[in-house]
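Below: one structure, written as structure tokens.
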Amino acid sequence: MATPFDKHFRLLLTISLAAVVAYTGFALWSGAEEATAAARRVGLGGGALLLSLSLFNYTVRFGRWQLYLSRLGHRVPLGLSLRYYLASFAFTLTPGKLGEGVRSFYLKPHGVPFASSFSALFVERLFDLCATLLFAALGVFYFGRYLPLVAFFVIAVLLILLLLNNAGFRGRLRTVRVERMMGVLDALDDAAVLTRGRLLVVGLLLSLLGWGAEAAAFHITLRLIGLELPLIASLGTYGLAVSIGALSFFPGGLGSTEATMIVLLGLGGVGVADAGAATIILRLTTLWFAVILGVLFALSLRHKGATPVKTEAVANVE
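In this text, residue positions in the sequence shown follow full-length UniProt numbering: the first is 1, and each later residue adds one.
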């Protein structure tokens, strides 16, 4: 019998798939001629290269995710964990990508507490933001804009890291004996484990490597459609656009990311039509590619009897 959660799960999957179709249709309708011409210049080989860079990004980030679970003392079969990880991409179109937290529900029957999986997700998001802010700093240097915004969030991230690693701060929070806060405090303790010493450095480097692949994909996209922009400008544009998209808290950064990319490309001397076409191609081969993969893996898991609240059915698949 379907539970209310199952119904919401199906609804979210349907919305994600419909969003892919709607975005693609709107993109083609609003700039069909430019987008089609740009797609021809990119070609099948170029498209395959862009998608492979996205896959590289997902692979690197999944490796980091497995590392986090392992350091927190949890062992989940590699293939199954990968499916859960990719299935969560179906819910990328939520504010701050919070919907990707659905992987915590997939992992719960494997003995992974919510505190552990949510802390790993939080640290993952934090380091992803660090990586995009570092790329954004290149944009600030090149374009001479958005310095106060980037500086503010860099300081905010540093403060979060300092507080997470301050045992006294976490200890004082535990003196507030509110039962409902215990799970949050446990998650903070786990997050502290993942943000200190060698693990902090490795996590940040893997974020830079993964998101650097997508930033490189943006630069390659521009080159493939005949737009000459310095590498630092491409990386900076990507970093600023993705950071602003994430911090806008719009679902998947929709609208804010695209608008920022087009504006910054315009500052770099790129026409609006070409900037729009490049942005559409990048988003289709990154964000929307991830959503499609997520929907496919979520449906595959569901077909095997697994939902985010009932994964025992596939626990022995591996």
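All C-beta atoms, glycine included, are put in the ideal place defined by N, C-alpha and C.
C-alpha gap between residue i and residue j, whole angstroms
i	j	result
L248	T59	Sequence check: residue 248 is Ser here, not Leu. Answer to the nearest angstrom: the Cα atoms are 26 Å apart.
L204	D190	17 Å
R302	P77	18 Å
E33	A278	13 Å
I292	A90	7 Å
residue 343	Y146	Residue 343 lies beyond the stretch modelled for the chain, which goes from 1 to 318, so this question has no answer here.
Y68	H74	9 Å
D186	F135	32 Å
I160	G99	22 Å
R71	S119	12 Å
A315	R83	Here the model assigns A315 a pLDDT of 42, short of 50, so the residue's position is not dependable, and the following value carries that caveat. Distance between the alpha carbons of A315 and R83: 12 Å.
A35	P113	46 Å
N57	A216	11 Å
Y238	V270	15 Å
G253	L224	25 Å
A290	L86	8 Å
A53	T286	The question names Ala, yet the displayed sequence has Leu at residue 53. Between L53 and T286, the C-alpha separation is close to 9 Å.
A298	G63	20 Å
V295	A131	26 Å
V42	L129	29 Å
G144	P251	28 Å
L163	G255	33 Å
V140	I220	21 Å
L188	R61	21 Å
V202	Q66	13 Å
The alpha helix (DSSP H) enclosing residue i, as first and last residue numbers
i	result
R125	F114 to F143
P148	L147 to L164
Quiz item: Is the stretch 118-136 touching the stretch 190-201 in the sense that three or more CB pairs, one from each, lie closer than 8 Å?
Solution: The stretch 190-201 is in contact with the stretch 118-136.
Original post:
Can you give, in chain order, each stretch of the alpha helix (DSSP H) that sits fully within the stretch 219-301 and has at least 4 residues?
Top reply: Within the stretch 219-301, the complete alpha helix (DSSP H) segments of 4 residues or longer fall at 231-248, 256-267 and 272-285, listed in chain order.
Hey, which unbroken runs of the alpha helix (DSSP H) at 4 residues or more fall wholly within the stretch 50-106? Assignment of alpha helix (DSSP H) within the stretch 50-106, counting only whole runs of 4 or more residues, yields 78-87 in chain order.
(message) Below 8 Å, how does it come out for the stretch 223-230 and the stretch 145-158: are there three or more Cβ pairs, yes or no?
(response) No, they do not touch.
Any contact between the stretch 97-111 and the stretch 206-219? By contact I mean 3 or more CB pairs, one from each, below 8 Å.
Contact fails: fewer than three Cβ-Cβ distances are below 8 Å.
Evaluate the contact criterion for the stretch 38-55 versus the stretch 256-263: three or more CB pairs, one atom per stretch, below 8 Å. No, the stretch 38-55 is not in contact with the stretch 256-263.
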